[in-house]
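Peer 1: First the structure, then my questions, so here it is.
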Amino acid sequence: MNKNLPQYIHLDQSYFFDIDEVYRGAEVIVQRLINYDLYQQLHSEECKKLSQKELCDSYDKAIETEHVVLEKGGYIIDNSFFHGEFLIGDTGLLDGPCQLKSKSNDSLFDLSFVKGIAVEGSITEQGVINSKFTLNGTILTVDVYEDGLLNHKQVIDFTLDHDENSIFYTYYDNQEVESIEDNISQVHKVYYRNGKIQKIKDLANERTQFFDNNGILREEFYSENGYRCSLTYQEGILTDKTCIGEEDEYFYFYKDGKLDFYEVLDKATDITSVYKSNGELVQQDSIYQLGITS
């Protein structure tokens, strides 16, 4: 309890605020159930005497709420879900430290508000931190822990559309990053336990890259101008490339990372043309001439 306040005012059980708003970067408003007696009745043995229609009609009325503007000071909230204390500032909004204890699982919420918005906080279960969050402007960062170790993290930018406003991180038990799912840039990454990159998937550009456990590129796939292309690398150096389209296929062969020669298969004629790196035609055969038939 804040010692600078002369006393905390006890609110009755009809008062509450939506804890989920904390993770939306939204202003948390103190509310009150207007028909709290009816709300209690629906959560008692008496509700068994009501018909289905009476239950529906009563429920809509029981959950009617109103926003409450409290005077500056300290308050104790004690309802069906939480017991705790919070402060109201000069603006009539939550301001300063707030501590709530869940009655369902004894989780302890330690929050800090600025003008109605939770800017940081943590959730503790059985004395162990389960999660932490910080809000910096419009950027919310949530860290989730398991057995005292960081398990995953989510970073949300509330200025962006819901489907493309977050970056999700997962971690190995050695605390190295396991994966990054970036829905803002549409790039997803997977890492080895040693911290080296394993895979990069660029959804926007339809490109996927695979790396060995030293982080050296070994394969690459992408789509471009109607062609599906695959590239193979040895020790990070390009050795060959294949691009397949509806009408033709290209096969490129590299030496020391530089184009050596390439082949083009015309699917309509089944003719394969071989070219030097400078584009000079050196050979042209059909698959029938080569003795390749179905």
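Heads up: the sequence shown runs through residues 1 to 294, numbered per the working numbering. Note that beta-carbon positions come from the ideal geometry of N, C-alpha and C, so glycine has one too.
DSSP on I129, reduced to helix/strand/coil?
Peer 2: Within the sequence shown, numbered from 1, the residue matching residue 129 stands at position 129. I129 falls in the strand class under three-state DSSP.
Peer 1: Does the beta-carbon distance from L140 to I156 come in below 8 Å?
Peer 2: In the sequence shown, the residue the question calls residue 140 occupies position 140. In the sequence shown, the residue the question calls residue 156 occupies position 156. Cβ atoms of L140 and I156: closer than 8 Å.
Peer 1: Return no unless some Cβ of chain C is closer than 8 Å to the Cβ of E164.
Peer 2: Of the protein chains in this structure there is only one, and it is not chain C.
Peer 1: With H, G and I counted as helix, E and B as strand and the rest as coil, what does DSSP make of L42?
Peer 2: On the sequence shown, residue 42 is found 42 positions in, with the first residue counted as 1. Of the three classes helix, strand and coil, the one that applies to L42 here is helix, per DSSP.
Peer 1: Taking the C-alpha atoms as reference points, what is the distance between I237 and D248?
Peer 2: One-based indexing of the sequence shown puts residue 237 at position 237. One-based indexing of the sequence shown puts residue 248 at position 248. Their backbone Cα atoms lie some 26 Å apart in a straight line.
Peer 1: Starting from F17, follow its DSSP beta bridges and name the residues at the other end.
Peer 2: Residue mapping note: residue 17 aligns to position 17 of the sequence shown, counting from 1. None; F17 has no bridge partner.
Peer 1: Expressed to the nearest angstrom, what Euclidean distance is found between the alpha-carbon atoms of S273 and K153?
Peer 2: Start at 1 with the first residue of the sequence shown, and residue 273 comes out as number 273. Start at 1 with the first residue of the sequence shown, and residue 153 comes out as number 153. Taking the straight line joining both Cα atoms gives about 53 Å.
Peer 1: Is the distance from the Cβ of Y250 to the Cβ of Y262 below 8 Å?
Peer 2: Your numbering for residue 250 matches position 250 in the sequence shown. Your numbering for residue 262 matches position 262 in the sequence shown. Result yes, Cβ atoms of Y250 and Y262 sit closer than 8 Å.
Peer 1: For G127, count neighbouring Cβ atoms within 10 angstroms of its own Cβ and tell me buried if that reaches 16, exposed if not.
Peer 2: Within the sequence shown, numbered from 1, the residue matching residue 127 stands at position 127. Counting Cβ neighbours within 10 Å, G127 comes out exposed, since fewer than 16 surround it.
Peer 1: For G291, collect the residues of the same chain with a Cβ closer than 8 Å to its Cβ; drop the 5 residues on either side in sequence, then sort them by chain order.
Peer 2: Working through the sequence shown from its first residue, we reach residue 291 at position 291. Caution applies to G291, whose pLDDT of 46 falls short of 50 and renders its modelled position unreliable; the model cannot decide the point.
Peer 1: Reducing DSSP to helix, strand and coil, say where K61 ends up.
Peer 2: Here residue 61 refers to the residue found at position 61 of the sequence shown. Three-state DSSP puts K61 in a helix.
Peer 1: According to DSSP, F158 sits in a beta bridge with which residue or residues?
Peer 2: Counting from one through the sequence shown, the residue named residue 158 turns up at place 158. Per DSSP, none; premise fails for F158.
Peer 1: Where V22 and E120 are concerned, what is the direct C-alpha to C-alpha distance, given to the nearest angstrom?
Peer 2: The residue labelled residue 22 in the question sits at position 22 within the sequence shown. The residue labelled residue 120 in the question sits at position 120 within the sequence shown. Rounded to whole angstroms, V22 to E120 spans 9 Å at the Cα level.
Peer 1: Consult DSSP for Y250 and reduce its assignment to one of helix, strand or coil.
Peer 2: As a first step, residue 250 must be located in the sequence shown, where it is residue number 250. Correct three-state label for Y250: strand.
Peer 1: Please confirm if the segment 190 to 197 is in contact with the segment 210 to 223, defined as three or more CB-CB distances below 8 Å between the two stretches.
Peer 2: yes
Peer 1: Within a Cβ cutoff of 8 Å, which residues of the same chain sit near E66, ignoring the five residues on either side of it in sequence?
Peer 2: By one-based count along the sequence shown, residue 66 stands at place 66. Here E66 has Q31, R32 and I34 as same chain residues with Cβ atoms under 8 Å from its own Cβ, once five neighbours each way along the sequence are excluded.
Peer 1: Spatial neighbours of Y288 within its chain, please: CB distance less than 6 Å, with the 5 preceding and 5 following residues excluded, ordered by chain position.
Peer 2: Start at 1 with the first residue of the sequence shown, and residue 288 comes out as number 288. Note that Y288 scores a pLDDT of 49, beneath 50, so its modelled location is shaky; the value from the coordinates is reported in the next line. Excluding sequence positions up to five before and after Y288, its CB lies less than 6 Å from no other CB in the same chain.
Peer 1: With a CB to CB cut of under 7 Å and the five nearest residues on each side skipped, what residues in its chain are close to L265?
Peer 2: Here residue 265 corresponds to residue number 265 of the sequence shown, with the count starting at 1. Once the five neighbours on either side are set aside, the close Cβ partners of L265 are D248, E249 and T272.
Peer 1: For my contact list, L100 and F82 are in at a C-beta cut-off of 8 Å; report their separation, rounded to the angstrom.
Peer 2: One-based indexing of the sequence shown puts residue 100 at position 100. One-based indexing of the sequence shown puts residue 82 at position 82. At roughly 4 Å, the Cβ-Cβ gap stays under 8 Å, so L100 and F82 are in contact.
Peer 1: Between the alpha carbons of F221 and L231, how many angstroms are there, rounded?
Peer 2: Position 221 of the sequence shown holds residue 221. Position 231 of the sequence shown holds residue 231. If I take the Cα positions, the gap works out to 6 Å.
Peer 1: Roughly how many angstroms separate the alpha carbons of D78 and E125, rounded to a whole number?
Peer 2: Start at 1 with the first residue of the sequence shown, and residue 78 comes out as number 78. Start at 1 with the first residue of the sequence shown, and residue 125 comes out as number 125. Each residue's Cα considered, the two are about 19 Å apart.
Peer 1: Pull up the distance between the alpha-carbon of N183 and that of S277, whole angstroms please.
Peer 2: For this step, residue 183 is matched to residue 183 along the sequence shown. For this step, residue 277 is matched to residue 277 along the sequence shown. Distance between the alpha carbons of N183 and S277 is about 40 Å.
Peer 1: Measure the C-alpha to C-alpha separation of S104 and E176 and round it to an integer number of angstroms.
Peer 2: Here residue 104 corresponds to residue number 104 of the sequence shown, with the count starting at 1. Here residue 176 corresponds to residue number 176 of the sequence shown, with the count starting at 1. When rounded, the distance between both Cα atoms is 34 Å.
Peer 1: When you compare each of N174, G116, Y275 and N165 to E181 by their alpha carbons, which one comes out closest?
Peer 2: For the purposes of this step, residue 181 is identified with residue 181 of the sequence shown, where counting begins at 1. Of N174, G116, Y275 and N165, the smallest CA-CA separation from E181 is found for N165.
Peer 1: Skipping 5 residues on each side, what residues in its chain have a beta carbon closer than 7 Å to that of E295?
Peer 2: Shown here, the chain extends from 1 to 294; a query on residue 295 therefore has no answer.
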